[in-house]
Each structure stands twice: as C-alpha cells, then as structure tokens.
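As structure tokens, the structure follows; a few thoughts come after it.
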Amino acid sequence: MLVSLKWLKDYVDIDLSVQELAGHLTMAGLEVDAIEEKKPAFSGVVVAKILSIRPHPDADKLVLCDVTTGDQVHPIVCGAKNIKDGDVVPLAKVGAKIPGGYTIKLSKIRGVQSEGMLCSEQELAIGDDASGIMLLPDDLALGKDLGEALDLTDIIFDIGVTPNRPDCLSIVGIAREVAAITGNKLRFPSVRFAESDEDITRLTSVEILAPDLCPRYTARIIKNVAIKPSPLWMRLRLDAVGLRAINNAVDVTNFVMMETGQPLHAFDYRFLEEGRIVVRRSKPGEVFISLDEKERVLRDDTLMICDGQKPVAIGGIMGGHNSEVKDDTETILLESAYFNPVSIRRSSKWLQMSTDAAFRFERGIDPHGQVRALDRAAQLLAEISGGKICKNAIDQCPKTIEKIEDISLRIKKVGDTLGTKIESEDIIRMLKSIEIEVKSGRDDTLLVTPPTFRVDLTREIDIIEEVARLYGYDRIPVAMPAVSATLTTEKNGDALAERISNILNGCGYSEVINYSFVTSKAVDLLGLDLADQRRNPVKIANPLTEDQSVMRTTMVYSLLETMRKNANAGSFNLKIFEMGRVYLNQGAGKLPEERICLGCLLTGVRYEDIWHFKDLQGDFYDLKGVLENIFEDLKISDVKYVSDVAEPFLHPGKACSLVLGGERIGYLGEVHPNVLDAMDVKNPATVCEIDLERLTANKGSIGYKDFPRFPSSSRDVAVLIDVEQEAETIIAAVREIDEELLEKVSIFDVYGGERIPEGKKSIGLRFCYRSGDHTVTDEEVNQVHDRLVKHIVALKSVSVR
Amino acid sequence: MTNDLEVLLAKADAELQTLQTEEELLSLRTKYLGRKGQLTALLRNIAVIPKERRADFGKRSNEIKDILSDRIDVALKEARNRKRSNDLLRQRIDVTLPGRRVHYGRLHPVTQMRREISAIFSRLGFTVVEGPEVELDYYNFEALNIPADHPARDMQATFYIEDGIVLRTHTSPVQVRKMEKMRPPVKIISPGRVYRHDSDVSHTPMFHQIEGLLVDRGVTFADLKGVLTYFFKEVFGSETVLRFRPSFFPFTEPSAEVDIRCMLCGGCGCRVCGQSGWIEVLGSGMVDPAVFKYVDYDPEEVSGFAFGLGIDRIALLKYGISDLRLLFENDQRFLEQF
Chain G
4 MLVSLKWLKD
14 YVDIDLSVQE
24 LAGHLTMAGL
34 EVDAIEEKKP
44 AFSGVVVAKI
54 LSIRPHPDAD
64 KLVLCDVTTG
74 DQVHPIVCGA
84 KNIKDGDVVP
94 LAKVGAKIPG
104 GYTIKLSKIR
114 GVQSEGMLCS
124 EQELAIGDDA
134 SGIMLLPDDL
144 ALGKDLGEAL
154 DLTDIIFDIG
164 VTPNRPDCLS
174 IVGIAREVAA
184 ITGNKLRFPS
194 VRFAESDEDI
204 TRLTSVEILA
214 PDLCPRYTAR
224 IIKNVAIKPS
234 PLWMRLRLDA
244 VGLRAINNAV
254 DVTNFVMMET
264 GQPLHAFDYR
274 FLEEGRIVVR
284 RSKPGEVFIS
294 LDEKERVLRD
304 DTLMICDGQK
314 PVAIGGIMGG
324 HNSEVKDDTE
334 TILLESAYFN
344 PVSIRRSSKW
354 LQMSTDAAFR
364 FERGIDPHGQ
374 VRALDRAAQL
384 LAEISGGKIC
394 KNAIDQCPKT
404 IEKIEDISLR
414 IKKVGDTLGT
424 KIESEDIIRM
434 LKSIEIEVKS
444 GRDDTLLVTP
454 PTFRVDLTRE
464 IDIIEEVARL
474 YGYDRIPVAM
484 PAVSATLTTE
494 KNGDALAERI
504 SNILNGCGYS
514 EVINYSFVTS
524 KAVDLLGLDL
534 ADQRRNPVKI
544 ANPLTEDQSV
554 MRTTMVYSLL
564 ETMRKNANAG
574 SFNLKIFEMG
584 RVYLNQGAGK
594 LPEERICLGC
604 LLTGVRYEDI
614 WHFKDLQGDF
624 YDLKGVLENI
634 FEDLKISDVK
644 YVSDVAEPFL
654 HPGKACSLVL
664 GGERIGYLGE
674 VHPNVLDAMD
684 VKNPATVCEI
694 DLERLTANKG
704 SIGYKDFPRF
714 PSSSRDVAVL
724 IDVEQEAETI
734 IAAVREIDEE
744 LLEKVSIFDV
754 YGGERIPEGK
764 KSIGLRFCYR
774 SGDHTVTDEE
784 VNQVHDRLVK
794 HIVALKSVSV
804 R
Chain Z
1181 MTNDLEVLLA
1191 KADAELQTLQ
1201 TEEELLSLRT
1211 KYLGRKGQLT
1221 ALLRNIAVIP
1231 KERRADFGKR
1241 SNEIKDILSD
1251 RIDVALKEAR
1261 NRKRSNDLLR
1271 QRIDVTLPGR
1281 RVHYGRLHPV
1291 TQMRREISAI
1301 FSRLGFTVVE
1311 GPEVELDYYN
1321 FEALNIPADH
1331 PARDMQATFY
1341 IEDGIVLRTH
1351 TSPVQVRKME
1361 KMRPPVKIIS
1371 PGRVYRHDSD
1381 VSHTPMFHQI
1391 EGLLVDRGVT
1401 FADLKGVLTY
1411 FFKEVFGSET
1421 VLRFRPSFFP
1431 FTEPSAEVDI
1441 RCMLCGGCGC
1451 RVCGQSGWIE
1461 VLGSGMVDPA
1471 VFKYVDYDPE
1481 EVSGFAFGLG
1491 IDRIALLKYG
1501 ISDLRLLFEN
1511 DQRFLEQF
C-alpha cells in the first residue's frame, strides 16, 4: 500500500527522519518495500497574477496578457479562453522546464514577444485538466515557486501490508502504528457537520435480505450537490496514494476509504427506482453492467445492492453503470457497509474483479467503523460540493456482528514462548499503545480486549505476537535449544544419490535441473504408445504456458530439450544427468506416484576435443560403462541388458532395458532419429533413465574376500558367431558349466569385416584360470579349457576361428 | 723397474683425465689392466727383477692396479651419469601443453547449496525427510491454517491440478505429514522443489526450498534466533549480520522474516538489496497452535519453530549469480562454472 508521509502527518506528529520511520515501520512488521520522493515535474514555474488581457493584433485565437510576479511584469501570449484580469495562474518563465522535456524560451508568437507560458494543470502534470489555464487560489504569494506554493513535495512509502493486518490498509491505521512507535498521540479526523431538516427516512429505506452476507448497511443522503473536480488538496492526496481523481463525489468515497479503511460507494439517487436499497443475493444468470461498463453474468451467491427493481452495485466489489454519479447528479446516496469477507472474496475471485474495496472487505474491515466513515464522507462531500446532508443516517444492523471476546494472557506464557521474561507493566504499556484494552486480571494473567479493527487478534498467541513485535525482535536473546536426543531410522536416500552423482561427476557428467513440467506435446514428440501410462500425465489446470502444462512422466524429454537449447547456444558436446521425479497419474482425486529417477544424456565427443584425443564420438557403450561403474559401486552385480526394443523413442537396434531381479528398472539407448527430427535436434544422443528407488533398494554390501595368492594362467580363443547373436550368450554358456578353475571369462576383442565371413563377427574371449591352493599346471588348464571350448562350439552357429 | 710402475700410473692417470665416454674408459681399462694390458706386461718382466725387490715390486703393482681400477670405476660412473643426464634432457617435453584431461562433471549450484545447508542442519541433529510435490490442498494449505477463501492464499500464487490437489507452493506440508506420523521431539529438515504461478526476472515457476521444524518441550523464539543465526554464520561467514523482523505466515506465530545485511554494499544500499541494505533470506516463526491442533499435539505441552528458506536465492547470493532463471536454463557455459 502506498502511504503519503504528508497525509500521515495529518493524524500523528512524526519527528523521525524518513529513513528512521521506514526502519521502525519495517521492524514493527510493516515492511517498507520502497521509498519514493515525490517532486513537482517542473521547475521555474511561479505564481503570477494577470494584470490585463487584450487581443493579439495578428491572431484571432490568441490573446496578449500582462502578468505580474510581484516585482516584474511579463508580456505573455496565450491561447486559453478561461482567464480574466486578476486571475492567479502558473507562469512558466523563460528557462522553466515543464513535463515532456520542454524548456520555455523567449519567443515571438506572430510577431509579438512572449516571456514565458501560462500553464494548464495537465501541462504541469498536476492533474488531468487540459481545458484551460490552471486557476490558483488568490492567496498564494506572487512570484513564489509553484511547487512550494502548492506544497507538491511528499514522501511515498510503499508498504507491504500482510494479510493479517487489514487495519493497516488505511492512513489512519498506519498512523496508529506510528503513534505506538513514537509515543505520539493519534489524532482522528474530526467529524462535524450540519444536517438539513429533511429526514433520510422520507427519501429512502434499506432492506437487507441477506443478513449473513451483509450484517450491516448504513447510508446517508446528500442533496443539492454540484459535481465537479475535487479541490486540488484532495486530488493531490489521492494521487499520492496512487488513485486517480474522478469527481468530487467519487473522490470523497476514495479519500475516506484510504483515510479510514472503510470502502464507501456513492449512488446517484435519481437512478434508484422506488428510491430505496435492497440487499440480496444475485440470481443465477443475472446480468449486470458494472462501472467499468463490462457485462457480468452472475452466479447465485454474489451479494447485490439493488434498488426497488434491479441491481445497482455488486456489493463490496464495484458499483453499477446504471447508478453512477454523473456531471448533473444532484442527490447522492452514500453507502457504508460491512460485508462478509469470505463472500466478497469468493465473488471477487470468481468475477476476477480485484478492487480496492474488495481487497479490504475480504481481509476484514472494522465491523464498527461504518458510521464514522459515513459521517466523515458526508461531511467532506457537503464541504466540497455545496450539498446538504439530510437528517439522520440509516443504520441497518440485522445481524449482530460477533462481539470481541476478552482474551486471557498469561505472563508466563509470554516468557515461555519468547524465551525472555518481560515484565507485566511493560506488557500492559505496550498493549495499551495499540489500543488493546487491558483489564487487570490476576497477577499472572491479564484480561485483554482488542479493538474492533484488529480482526486478527482472537487468541492468546496473537497477543503474544503483539508483545513480541512491540518489544522488538532484536531485543529477544539468542539461545540454542536444549533438545531431547532424537534417534531416527529415516532412510537417507540423499546419501546414495550423493554417491551416484559423485560417480557421474567423475565420469564427466554434469548435473542439470529441469522444470518438472513439460509441454503436453512431449508424449507425442517421443512417440509414446497409446496404451502407455506415461501418455496420461498429471495436467496443470492453470499453466503459465503450454510448454509447462503437464508434469513430466519421463526424464528424457527434458534432457533432449536441454540438449537442443545447448546446441542452439553452440554447445554440441554434452554429458549431463538429472536426478528428479517423474509423476505418474493414478487417476482423478489421487496423488500421482512420484518416482525418483536418474536420467543421463550423452551427445558429441567422448573426450573434449583437444590435442591428445581424436574426434571420438560417444556412444551407447560409453554410457553403459558409466552405468556399470554405478552398479559396481552399489555392489549390484546382476543387472541384465535386455535388447527388447526398450522404448519407442530409442533406436531399435541400439537400445536395451535394464533388468534387475526380474524387474525392469530403466532403459539405455540411442535416441530414435524420428524423435531427434521431431525435437529439431541434429546430433545423435544416447540416453538412459533409471528408477533410483528400485536401484537403491537392491544395493548390495561390501563383502571382502581374500585375493588369490597363486598365479593365474590365461588362454585366448576367438570364435565366430552370427552378427545378430549377442556375445552375452557365449558368456552365459561358459558360466553354465561350473568349472572350478575358471576364474573369469571376458571379451577382449570384437571384430567384423575383412577376413570374416559375411554375416558373422569374431569375438575374442579371454579365459583366466586359477586355483586357490596351488599353482595351476599347463596340463590342468588345457584340460579345462578344451572342455569349455568344446562346449561353446557345440552351440549353434559358433565356430572357433 | 718400480719406477716403470710409477711412470705407468702417471701416464694412465693423465690419459684418464682426457676421457669422457664409457667406451673410452672401458678401452683404457683394457689398455692398462686387461690381460694384454700394459701393467700385465710389466708384471711379466718380474723375472728380471732382483729377488730381494720382487716382493716390493709385486706389492706396488697390485696397489697401482687397485688405484687405477678405482679411478676408472669412478670415472665410469660419472660418465654413465653424464650420459643418462644428457639422454634425459633430450627427452624434454613441452610442459605447457595442456594435460590429458577426462573432464569431470559438476554438480548443479542448487545441489551444492542444498548439500551445504543440509550438512549444517545435520550437525545440529536435524534429519532429512521428503514429501510429495503434487500435494493435497489439505497439507499445503488447510492444515497449515490457511483455509479456503482466506486472503493468505494470495501470498502464494498456486498451480492447481484439480479440486483439492495442487503443486505444493512450499515445503511446509512436509511438516504436517511428519508430525502426523511421529510424536515430539521432532527435528527435521525437508529440501525439495516447490512451485508458484509466477514468472519474471526474480521469479521462476519452480524453485527449491528447505523446510525446517523443531518441536519439543520448551522451545522458544530465542532458540529460533539461535539456530538461524548459527546457520547463516555458517553459510555466509561469522561476520554476517542478521535481522529478525515481524511478519505474517498463517502457520507460525509470532512470525519472523530474516534479513541479512547486504554483503555487497555492507548495508549502505545497492542494486542487490534494493537500496535497503538488507536482503530477505528466510521466513520463520513459532509453530502456530492451530497447526498443532491438526496433528493432535498439545500446544500447552510442546512448542516449536519452523522456517523455510529458498535454496536458489541463497545460491544466487553466495555464488554471485545475477539471474535466477539461469539456474534452470542448464546452459553448459553456466553449469561448468560450479
């Protein structure tokens, strides 16, 4: 909320510097977000008086004026029609700067010299009026700087008022806090006015048909008003707090709202059919045109202010086009009411109309502040419009607004909560400073009654917070909790994730963090099958953009998107990983399953292009090697790589599922060229995605075995197998026979092409033999090795090369 | 004849001084000490030496043999060292050429920051727990004392999934979920992703928070100040100046916003702190009794404090990152700086 320092000073004396005041407000919970110095938008403009006006000899539409600044007379050429001899006006002298970047120069207009320019409000950016020269009060000192004469400087605080403090959504509310801070007295605006003989009840009545939504409605009628612009002082006040001046009637309602926090509305009485007010709920489908001339179709739960026939305002939110104050309005009905906060909030949300009035009503205004604000507005309106206030006000209060209960405040509880002892005299003094009534209870307990405008104070803890706030958080000591020991057995998933990311870092992979939401088109771009559960993501009802409209069901889209963005930025070599969640829809009304996954992507060269390494492109086996490292570190030895065409978005010949204990825990493979095309990615990429929870659930443990002391002996053999045959089948066949001496069999070479028959590949196998209790002899080894080779060769389509 | 021996020694010595290479020295050894060498040749003439001087002659010739042999060995050793040194120098490489690096990967700055923060709270005995990101309205709002139709909901622009389900706007729902499952003392932190319907220079629709909760008998606001003061001094250094100021969160009371004095300007006011000299880093407060009611804790028996801080924001401040959005663009040039 914008708060004018000058306005604030109307209600409380302030002897602090601007910075000090801002600091105190912030430390009292009213955070000053910004401080703006308001200055005139011009310089060199002074107060001047018109001495004489005569026609311009050479131009019909111009006149020549002699104006005095007290000690000097200036000839001025002017085109305005609204001035006469004796008027006091702003004169922009030669050298003056006015808004729009203009500097006034000595000039000849149609042959006549002009020593400056008379200005309109608009030309000086004081107001909107551009119809003629601004007319100033007669009592301003001639020659005085206009900014000073009109007192146009001010300090504007932008204060972030938290939702619990609707009482501070007004200048008086802030002034009350300032009074508590400074110890100075709060001055309420005085309300005194004369009433005419005509009693309001002869003109109107108020009938409340929805007392639950409108517990209180007060009204006054002011007759014989002249609608015109408000006086400058009021317009400046409104401008200072960011409100636009409209006319005196509307301005008064806004002014009093800003002053007291009570929103008000002014109706043109002549448009109220049957001259009366009926407060009721809207009818479903009811159409209403609000002040902003927009058509609103209503539900059945919005509070409407009606006349005898039709709605004339959306209660607490916005007035109606049909009853607004016009230039020729003569009689005004002022409304000051208390509306149900929840009802106003629902309606304003649903109608998407967040007005200053609704903002205050939904947070809760002072339930006892209606009449005071109404009278204040009536007084101001009568003063500035020449209107007559009818006798008496209507105060319909069909439903008693809940009385504020006394609250018990235990002195000990204050100390126990804050961790410091505060004396009860101090507590009493602080509470009284913010108008909390203290009835002394027993020694250790106070009975306190908050003021009606403090709708946030209903419990003991609320009062304790007030004490803490006024005492000063900075005065509360710093301690360390003496907490009972907590023995937790929470599984620390973070530790394993840390371990895995350390390995990935070591393997050259950098961590990325992508948004959890992706485009709804992701599932199509990846070509997921219609039956795939991942095609049915959790949708965001109110996404910011289509690109962020559904929760991801796989990591791979995000990774490819990161690759695309980096390629666009000129980075074509990437090794990245992300640890995050995918969200699997479990149907309406249910929370999705959130699965923590590891996703990796490799594209471009295996090693950074540098003089040592040639341009080696990373591929499937690079990423597989990384995974093997991770599995080994976690002591998971039995992951199977199953080439069952794992995913539609993977290369059908270069992809596999990762299977652990019969369960599929992820996939690994090159990205399908179709997907690369669809995502506008040029270079091949290899990706993997692993369910981290299932992986870590299978974590093995370190089991040390003594290493063998006797030397080993190895034999190599090359076999030819079909190109399609997986090498793993040979290894599996070897393992089938349980040869005690065989320590390890590994693939040391894979070769195809020259000297190898068409459709075949050569696999180089290395067999390592060792005994735990003696040095193996050649004969022993040869025997075993021959048996193994025979066994392999016995397999279909395997031959020794 | 003995004199012949001395002459030989002097000659051999003189020759030795002129030789450099191993080969030359080896041939010198052969020339004097070999089977057909000059010393051997002299010894063959022993027969012509008078008997009484033969013993002396023999003794002296052995001495000279040893002397020469030692001297040649020393020279050989030197020659070999010289040669190796020369050979090694010829193998000189250009040490300024870049090393054969297999580039290591980096951790995302948010992860680095999160680990650092978690480690500090772990030292204080807090346990890390997690909760769902797609969350029930009940846990995200209701049980945190933010009823439907309450203006406090405006404080957190929310992504909705369907009626009653939202993307969590903060990590605070984890508090409630954990308190439902355990009795005090509770001492947890919960890091994770959170979501707000907001996107501009200083807001991303997703960011990271760490929630902290401590509930036990006799926990006070002073304890809250103590723990958070310790925390920020650990993160930003012991010189860090903190400020606790009143604020409002529906689930804590009294509530406090924590500011640290701007480390860039030292409190004088600059662009980073918006001229205020202070940077808002954390929201906190004593757990509101209303929240305890939801989890069936007795606010007369136990009290506690809770806090929530933005990991991303702390990372920005600590590493001097200018724009929050960079965190989630994952540009390699960004990632490789951490």
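Just so you know, the sequences run in chain order G and Z.
Using this note's numbering, the first residue of the first sequence is number 4, and each one after it goes up by one.
Using this note's numbering, the first residue of the second sequence is number 1181, and each one after it goes up by one.
Glycine residues also receive a C-beta, built at the ideal position from the N, C-alpha and C atoms.
**Request:** Could you pull out every residue in the same chain whose Cβ sits closer than 8 angstroms to the Cβ of G:Ala-252, ignoring the five residues on either side in sequence?
**Result:** Val-228, Ile-230, Ala-269, Val-328, Thr-332, Ile-335, Leu-384 and Ser-388, listed in sequence order.
**Prompt:** Can you name the residues of chain G whose CB is closer than 9 angstroms to the CB of Z:Val-1356?
**Reply:** By Cβ distance, chain G contributes nothing, its closest Cβ being about 14 angstroms from Z:Val-1356, past 9 angstroms.
**Item:** Bridge partners - Z:His-1388, DSSP secondary structure assignment
**Value:** DSSP lists Z:Arg-1373 as partners of Z:His-1388.
**Message:** Less than 8 angstroms between C-beta atoms, sequence neighbours within five positions excluded: which residues of the same chain meet that for G:Asp-429?
**Reply:** Here the set comprises Tyr-474.
**Request:** Mind checking which residues open and close the beta strand (DSSP E) that includes G:Lys-578?
**Result:** 577-587 is the extent of the beta strand (DSSP E) around G:Lys-578.
**Request:** Please determine if the region 679-698 of chain G and the region 728-736 of chain G are in contact, where contact requires at least 3 C-beta pairs separated by less than 8 angstroms.
**Result:** Judged by Cβ distances under 8 angstroms, the region 679-698 of chain G makes no contact with the region 728-736 of chain G, as fewer than three pairs qualify.
**Message:** Just to check my reading of the structure: G:Met-682 and G:Leu-531 have Cβ atoms closer than 8 angstroms, yes? What is that Cβ distance to the nearest angstrom?
**Reply:** Not quite, the Cβ-Cβ distance comes to about 14 angstroms (not below 8 angstroms), so this is no contact.
**Request:** Express the C-alpha separation of G:Pro-102 and G:Leu-127 in angstroms, rounding to a whole number.
**Result:** Looking at the two C-alpha atoms, the distance is approximately 6 angstroms.
**Prompt:** Closest by CA to G:Ser-716, which one among G:Ile-174, G:Lys-747 and G:Leu-189?
**Reply:** Measuring from the Cα of G:Ser-716, the nearest candidate turns out to be G:Lys-747.
**Asked** Under three-state DSSP, which class holds Z:Leu-1189?
**Response** Helix at Z:Leu-1189.
**Message:** Any beta carbon from chain Z within less than 8 angstroms of G:Val-49's own beta carbon?
**Reply:** Put simply, the CB of G:Val-49 is far from chain Z, with every gap to its CB atoms at 8 angstroms or more.
**Request:** Verify whether the separation of the beta carbon atoms of Z:Val-1366 and Z:Thr-1349 is less than 8 angstroms.
**Result:** Not in contact: Z:Val-1366 and Z:Thr-1349 (Cβ atoms no closer than 8 angstroms).
**Message:** Closest to G:Ile-543 by C-alpha separation, out of Z:Ile-1345, Z:Asp-1329 and Z:Pro-1312, would be which residue?
**Reply:** Taking each of Z:Ile-1345, Z:Asp-1329 and Z:Pro-1312 in turn and checking the Cα distance to G:Ile-543, the smallest one comes out for Z:Ile-1345.
**Message:** Rounded to whole angstroms, what is the Cα-Cα separation between G:Lys-352 and G:Gly-26?
**Reply:** The straight-line gap from Cα to Cα measures roughly 34 angstroms.
**Asked** Looking at the unbroken alpha helix (DSSP H) that takes in G:Leu-235, where does it start and where does it end?
**Response** Membership of G:Leu-235 in the alpha helix (DSSP H) is indicated by the continuous run 235-243.
**Message:** As a quick exercise: from Z:Thr-1432, Z:Glu-1433, Z:Pro-1289 and Z:Val-1438, pick the residue whose alpha carbon is nearest that of Z:Thr-1420.
**Reply:** Among Z:Thr-1432, Z:Glu-1433, Z:Pro-1289 and Z:Val-1438, the Cα nearest to that of Z:Thr-1420 belongs to Z:Val-1438.
**Message:** Can you tell me which residues form a DSSP beta bridge with G:Ser-802?
**Reply:** As DSSP reads the structure, G:Ser-802 sits in a beta bridge with G:Leu-723.
**Unbroken beta strand (DSSP E) run spanning G:Leu-121, endpoints** = Segment 119-121, the beta strand (DSSP E) holding G:Leu-121.
**Request:** Let me know the beta strand (DSSP E) ranges lying completely inside the region 46-132 of chain G, each 3 residues or longer, listed in chain order.
**Result:** Counting whole runs of 3 or more residues, the region 46-132 of chain G contains the beta strand (DSSP E) stretches 46-59, 62-71, 76-81, 91-101, 110-112, 115-117 and 119-121.
**Asked** Terminal residues of the continuous beta strand (DSSP E) containing G:Lys-593?
**Response** For G:Lys-593, there is no enclosing beta strand (DSSP E), as DSSP marks it with neither H nor E.
**Request:** Return helix, strand or coil for G:Arg-718, following the three-state DSSP convention.
**Result:** Here G:Arg-718 sits in strand by DSSP.
**Partners in chain Z for G:Ala-482, counting only beta-carbon separations shorter than 8 angstroms** = Result: Thr-1400, Ala-1402, Asp-1403, Lys-1405 and Gly-1406.
**Request:** Just tell me which of G:Leu-24, G:Glu-276, G:Asn-250 and G:Leu-67 has its CA closest to the CA of G:Ile-184.
**Result:** Of the candidates G:Leu-24, G:Glu-276, G:Asn-250 and G:Leu-67, the one whose C-alpha sits nearest the C-alpha of G:Ile-184 is G:Leu-24.
**Prompt:** Under the rule that 16 or more other beta-carbon atoms within 10 Å means buried, what is G:Tyr-624, buried or exposed?
**Reply:** Counting Cβ neighbours within 10 Å, G:Tyr-624 comes out exposed, since fewer than 16 surround it.
**Request:** List the residues of chain Z whose Cβ lies closer than 8 angstroms to the Cβ of G:Trp-614, in chain order.
**Result:** Chain Z residues near G:Trp-614: Leu-1277 and Pro-1278.
**Message:** Pull the bridge partners of G:Cys-771 from the DSSP assignment, please.
**Reply:** Bridge partners of G:Cys-771: G:Ser-717 and G:Lys-747.
**Message:** I'd like to know if G:Ser-436 contacts chain Z, where contact means its C-beta is closer than 8 angstroms to some C-beta of that chain.
**Reply:** Closer than 8 angstroms: no.
**Item:** Residue-chain proximity (G:Met-4, chain Z), Cβ-Cβ < 8 angstroms
**Value:** So no, G:Met-4 is outside the interface.
**Asked** Of the choices Z:Thr-1338, Z:Ala-1328, Z:Lys-1361 and Z:Gly-1305, whose alpha-carbon is the least far from that of Z:Gly-1311?
**Response** For Z:Gly-1311, the nearest C-alpha among the options comes from Z:Lys-1361.
**Asked** If we cut at 8 angstroms on Cβ distances, does Z:Leu-1199 have a partner in chain C?
**Response** No chain C is present in this structure, whose protein chains are G and Z.
**Message:** If I follow the unbroken alpha helix (DSSP H) through G:Ala-396, where does it start and stop?
**Reply:** Run containing G:Ala-396: none; DSSP gives neither H nor E here.
**Residue interval of the alpha helix (DSSP H) (run including G:Gly-628)** = Where G:Gly-628 is concerned, the enclosing alpha helix (DSSP H) stretches over 623-636.
**Message:** Starting from G:His-654, trace the beta strand (DSSP E) in both directions and tell me its first and last residue.
**Reply:** Taken as a continuous stretch (DSSP letters only), the beta strand (DSSP E) holding G:His-654 covers 653-663.
**Request:** Whole angstroms is fine: what's the gap from G:Ser-704's alpha carbon to G:Ile-639's?
**Result:** The alpha-carbon atoms of G:Ser-704 and G:Ile-639 are separated by roughly 9 angstroms.
**Prompt:** Opposite Z:Trp-1458 in the DSSP bridges: which residues?
**Reply:** In the DSSP output, where bridge partners are listed per residue, Z:Trp-1458 has Z:Arg-1441.
**Asked** On the three-state DSSP scale, how would you describe G:Ala-44?
**Response** If DSSP states are grouped into helix, strand and coil, G:Ala-44 belongs with coil.
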